[in-house]
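As you go down the protein sequences, you meet chains A and B in turn.
In this text, residue positions in the first sequence follow the working numbering: the first is 871, and each later residue adds one.
In this text, residue positions in the second sequence follow the working numbering: the first is 41, and each later residue adds one.
Glycine included, C-beta positions come from ideal geometry on N, C-alpha and C.
Right, one structure below, let's go through it.
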Amino acid sequence: MKIYRKYIFIVSSIIAILVLVYIFKSPAKPKIEVLYTSQNLPAILPDYTNTVIPPNIAPLNFAVKENGDKFYIKIYSVKGDTIRLLTKENSIVIPIKKWKRLLRQNTGNELYFDVYIEETRGQWKRFRTITNLIANEEIDSYLVYRLINPGYILWEKMGIYKRNIQNYDESPVLVNNLAEKNCMNCHSFNRNNPDNMMFHIRGSMGGTILFKDGIIRKINTGTRYTMSAGVYPAWHPSGKLLAFSVNIINQKFYSYGHESIEVFDRASDLILYDIDANMVTTSPKVSTIHKETTPVWSPDGKYLYFTRAHKPENKQIHDSIKYDLMRIGYDIESRQWGDVDTVLAASETGLSITWPRISPDGRYLLFCMANHGYFTIHYPSSDLYLMDLETGEYNHLDINSGQVESFHSWSRNGRWFVFASKRLNDLCTRPFFCYFDSNGKTYKPFVLPQKDPGFYNTFLKNYNVPEMVADRINVNKWELSKVVQGKAINAEFDQSVDIDALSGATRIQGGQHP
Amino acid sequence: MNKQNIVAIIVRTIFFVFFFLYLLYRANPAISYFTQQPIFLFDKVYLLNYLNHPGGVTEYLSQFLSQFYYFTWMGAIIITIVVLAVTYLTYKNLKTLGVKRYVLLLQLLPAIALVFLHGTYEYKLDSSLVLLFSTLTFFHYLRTTRHKFIYRVFVLILSSVVLHYLSGGDALLIYLSMCLALELVNIKDFKSFILADTIIIIALIIPYLSARLIFYINLKEAYLHLLAPEENYHPSHILYGLYIFFPILIAYTRFSEYLSDITQIKIIPRKLEKNMTLIKPETAIQFLAIIILTILTFTVPFKSEQKLIDRVKFMAHTGEWESLLEAVRDNPSDNRLIYFHRNRALYHTGELAGNLFKYPHNLGKYGLLMEGVLSVVYLMDNSDLYFDMGHIGSAQHWAYEAQTKFENSPRVLKRLALTNIINGDFGSAKSILNILKKSMLHRKWAEYYHLCITDPLKLDEDPIIQSKRKIQPSDDFFLNDILEPYKDLQFIVEENIRNRMAFEYLMAYYLLDKDLASFINYLPYLTELDHKVIPVNYQEALLYYVSIKDAKRIDLSRYKLNRNIVDRYRDYAGIVLKNNGDLEAAKDELNKNYSDTYWYYAHYIKPAINKEEIKTYSKK
């Protein structure tokens, strides 16, 4: 009994100490005599100034990049309690509960950060107030991305991860040590629905993993008549079809300069995969001698947008190929293809168009343009552009930086989009969120917040293909890994397709005639 | 303290003093450091990467300790302490189990095996720590033998869960197999059976549940952890033997008392018997076994080719070019990596152009440049070569690939920081330097280069950056460094002939490839470099070219052929003629005096890469 008493005493002492620490840790209003007020905004990293944030975002922790012995931060809005933080460290970690309460109470209002630094004992300097706006519209609560090292040929650890944007929880959807260390890529969701997901596994376990309505399948979308298995995916809004490009992808490395690698297709076409019928089909209109790739469906499912480059002249240098933006009609009921239209020609823009993504209301088309090619994640010239599909006008977005801006996707409500940018360190892509108002105006983007404000300074992995989803992905990792490790079901090729009419690379590069 | 204890202490002390000296002067943990490239970062994300899987805590501790291998003496101390701790725990376990025979030998056997393992540069401290923690856990389990059954089951489950998380599936396997051996050899009643069954169930269930429900690991990782070979990790058979040794040792403790008593046999001659204390045969056997095994383990690892490769790579890294050439001369090998670094050493000692053929070239051009499948295996070796050459694009390309495989390797990160600074990509360089700044060993280095980025004057004074910038190609071209790396050398030489290394490598490539037409094409570039005379091998090739092509006139600019070399070639040709042009017949005679010439290489060496090697890597 004596022993127990001893333990009870120790445990209760620890609890008492912890309670006291907690009570005294919360800073009361400290006495701050401001001797000097700067007209400048304080330098903070990441840059969370003059931006618009969703009301359900995790706290925007930041580091104050000003010299000081102590830092005092006030975070407040029109309503609710002010969050006060007094710290000796320049890393400002905002309590999540207070932050959430403040944001919830102030949707549509401005959010203020007052930053004070103690330069010498008792002498505080105050900076101009940082102002951000809390939007009325929430953002989808999860972001899904692949984390991958900056290497180009090899890989070791790789995984597709889901991150709760409302806090800092990150967990894998699948990591490649559950798939014999094979490469996995091109995850995609149907209209931000976590229950309609697909991604590819390459190498010894090759196949397309399809998670739809609670069922996980592994499909081999490669057929005798297609040059490869499906590559870049696009869900038809009905969830019945997936459009894929089929590509023969090559890469070359530059010896010097800011572009390190050239990823290009020797050939590419488009195919459709009918999920229920397990059938691959195509049309001579999208399997031409030219290169068709990066498909995306219009939200009403009536058009398939894609990019197309003309077949290169003999020995044309890969870094001069430019892609046009095209679309083709498709009727899912009759499974009939319409005609191909040019939406925007590279000859008009002088740049190569890639990764078209249409807003959920069907009005706007967000896309990338770069000096050449389509694999823009490696091109510093790549920027985001927005096209109004009603007027056909497009413009260069002022959210771009001097570095790579590439892969992007819309939130379910169309008020937010996320894109990958290398603006923080020129090396690795980071996900940036941008508010998009009902008039088609964009606002200064902000990077995905992390618990540790210095996180991005040392994190040497790319956030690849950021896709927002409405909720957590309800797939059991064990079941998923079992399917990944299992055999793929071979897709059938649609016998009604006129093989001889396929003038494109599919026929040239693909299997033989039966 | 009785006499036997004193003897044991003396033997143990001598053994560990030798062990320490062996590590210090022969094994050299600094080479292990170079081979393994451990890094320890004071960083939360780094820590979380270790906490997110079973065994991660031990790996984390191992990374912390093995970073000090950088200093040979610290590495030697750390390894000695860990092995000493394993030995002590083995001794304590033997004592607790009541073993009285062969205790000295038995307690030192794991240490002897660990001597062998730490003598190989790939062996990681993790495995020794795994052994340490499993024997420590078993030591505590042993103390429960007199407690109630239910208490023992509770301790067993709790310790297994904790050990599995802290040290991984391999630690659990060793621990539970020792527990099982203990229970099986001491079976008394039904409860003993239950306990044995419980152990088996725990061994099966804990790793399974951890993989199934908690961690993102596969079953192999859950059950075997560091015992399972991986692409860049191949545990030694000795390690398997060592892990099996412990349960066998427990089983032995039970049966040792039944072993035949051989203490009565006297091994001392009768004449000596009167003058000295009786040496028990058991003691003599132990001494003998310890001495033989120790000598074997101190010497055997040094005879392996892998050891030579690791040493050669280390010497290449530290720029000990003369020592490298000496090591290669003393230990002839046709390993491609050894050829590769030897050829680098030849360049750095100024012998690549003049004395190339004084060294064997059984692999020909394949020993000069890595290409095809091998280029994606020897990533940093490739990066090193191109960095030397100022071919920064390629050096960086391979370093990024290496970073994918060895994420936090300081060697890789430093290379990437430098190549990015040379290229003026300061943003990328900063990110990499930020990582290195979190390592106590590399902080200073990183801070210096961080300063270089922010202070252009400092950058202008840095000899590495400036020397590379001077010879770096400034024209952009698509790299051929995977399939046809010599083409990159052509680009570099044509753009900047002042790049002496690229030129000498290109010329060596043509000579080794016996492509004299290309060699002759590039010979005029020689005038742009500071060669006072045409290098010997070039003159030899030139003479040979003139003779076989019957070339009337080759412009040598200001250069002249050396009379001795011309005479030597005349003599060489004379021997061939004497044998009526039969090269096979002339071979022995020519081999005596001309094996160090291009002519001999051209006639007799038919380079071939090791097909087995290619096959192995193709599978990868």
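Rounded to the nearest whole angstrom, the C-alpha separation of ALA581/B and GLY115/B is 49 Å. Below the 7 Å Cβ cutoff, chain A contributes ASN1019, GLY1021, LEU1024, TRP1025 and GLU1026 as neighbours of THR444/B, in chain order.
Taking a cut-off of 8 Å for Cβ pairs, the region 227–240 of chain B and the region 266–282 of chain B do not touch, as fewer than three such pairs fall below it. PHE1325/A reaches chain B at VAL85, counting residues in chain order whose Cβ is nearer than 8 Å. At a cut-off of 7 Å between C-beta atoms, ASN620/B does not count as an interface residue with respect to chain A. Cβ atoms of ASN931/A and THR1001/A stay farther apart than 8 Å, at about 18 Å.
GLU366/B and TYR161/B have their C-alpha atoms roughly 20 Å apart. A Cβ-Cβ contact shorter than 7 Å links CYS1053/A with TRP1025/A. Excluding five sequence positions before and after GLN909/A, the CB atoms of its chain that fall closer than 8 Å to its own CB belong to ARG998, given in chain order.
Burial is judged here by how many other beta carbons sit within 10 angstroms of a residue's own beta carbon; ARG369/B has fewer than 16 and is exposed. Residue pairing of HIS1070/A in beta bridges, as defined by DSSP: ASN1055/A and THR1078/A. For TYR982/A, there are no neighbours in chain B by C-beta distance under 9 Å, as the nearest C-beta there is about 29 Å away. Beta bridge pairing from DSSP links ARG192/B with no other residue.
What ASN1295/A touches in chain B, judged by beta-carbon distance under 7 Å, is GLY467, SER468, LYS470 and SER471, going in chain order.
Look at the beta carbons and you see the region 1165–1174 of chain A touching the region 1221–1231 of chain A: at least three pairs across the two are nearer than 8 Å. Residue contact check for LEU1350/A against chain B: no CB pair falls below 7 Å.
Under the DSSP assignment, SER363/B falls outside any beta strand (DSSP E), being part of the alpha helix (DSSP H) whose first and last residues are 361–370. In terms of beta-carbon proximity, TYR906/A stays away from the interface with chain B, with every pair separated by 7 Å or more. Along the region 468–551 of chain B, the beta strand (DSSP E) does not occur as any fully enclosed run of 3 or more residues.
In the DSSP secondary-structure assignment, ILE1223/A is bridged to MET1239/A. Residues of chain B whose Cβ lies closer than 7 Å to the Cβ of ASP1322/A are, in chain order, LYS84. Under the three-state reduction of DSSP output, ILE945/A falls in the strand class. The C-alpha of TYR1022/A lies about 13 Å from the C-alpha of PHE1134/A. Identification of chain A residues near ARG252/B by a Cβ-Cβ cut-off of 8 Å yields TRP1348, ordered along the chain. ARG1205/A is classed as exposed because its beta carbon has fewer than 16 other beta carbons within 10 Å across all chains shown. The Cβ-Cβ distance between TYR1038/A and LEU1017/A does not fall below 7 Å. Chain-order list of chain A residues neighbouring SER449/B: empty, with the shortest C-beta distance near 12 Å, by a criterion of under 8 Å. Using a 10 angstroms sphere on the CB of THR53/B, the tally of other CB atoms stays under 16, which defines it as exposed. Look at ALA1358/A here: in three-state DSSP terms it is coil, with no helix or strand label. Non-local beta-carbon contacts of ASN1006/A in its own chain, meaning distances under 8 Å to residues more than five positions away in sequence, involve PRO925, THR977 and GLY978 in chain order.
Beta-carbon to beta-carbon, PHE82/B and LYS478/B are separated by about 5 Å, close enough to satisfy the 8 Å threshold.
For VAL891/A, no Cβ of chain B is located within less than 7 Å of the residue's own Cβ. Shown here, PHE108/B sits in a helix according to DSSP, grouped into three states.
For ASN258/B, at least one C-beta of chain A is nearer than 7 Å to its own C-beta. Rounded to the nearest whole angstrom, the C-alpha separation of TYR387/B and TYR65/B is 29 Å. By the 16-neighbour rule on beta-carbons within 10 angstroms, TYR273/B is exposed.
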